Amino acid sequence: MRTNLKLTDNNYGGAPVAGEGHVHYYLDGNITGPITSKKLFKLTNLHEGTNEIKLARAQNNHAEDFGARVDEKLTIIIGKK
Numbered sequence: 055m056r057t058n059l060k061l062t063d064n065n066y067g068g069a070p071v072a073g074e075g076h077v078h079y080y081l082d083g084n085i086t087g088p089i090t091s092k093k094l095f096k097l098t099n100l101h102e103g104t105n106e107i108k109l110a111r112a113q114n115n116h117a118e119d120f121g122a123r124v125d126e127k128l129t130i131i132i133g134k135k
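Under my numbering, the sequence shown has 117 at position 63, and the numbering climbs by one with no breaks.
The following block contains the structure:
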């Protein structure tokens, strides 16, 4: 996902500030956590089988609408060990 969105937790949960926000991380349709920085983000709770990951840009107030909804989806399949 390419964006000029500044990832930050400074105003996380507060009023929208132009150009800043965070990314919502979904696993199989359930929100799992926010991404609030450019640091490496560990995918957690992956399970055997098909895992659908979705990343959605979000404003500080968690609205996923920046004039146009933009998200990315990825499917990861994990086999038996």
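We put the CB at the ideal spot given by N, CA and C, even for glycine. Remember, predicted model here, so these are calculated numbers, not experimental data.
Beta-bridge annotation (DSSP): Thr104 is paired with Ile131.
For Ala69, same chain residues with a beta-carbon under 7 Å away, outside a window of 5 residues either side, are Asn114, Asn115 in chain order. For Tyr66, the secondary structure class from DSSP, reduced to helix, strand or coil, is coil. Residue state for Leu59 is assigned as coil, using DSSP reduced to three classes. Of the candidates Ile130, Lys134, Gly133, Lys60, the residue whose Cα lies closest to the Cα of Ser91 is Lys60. Here Lys127 is near Glu106, since their CB atoms are less than 8 Å apart. Residue pairing by DSSP puts Gly75 in a beta bridge opposite Leu61. Contact annotation: Ile89 and Tyr79 have beta-carbon atoms nearer than 8 Å.
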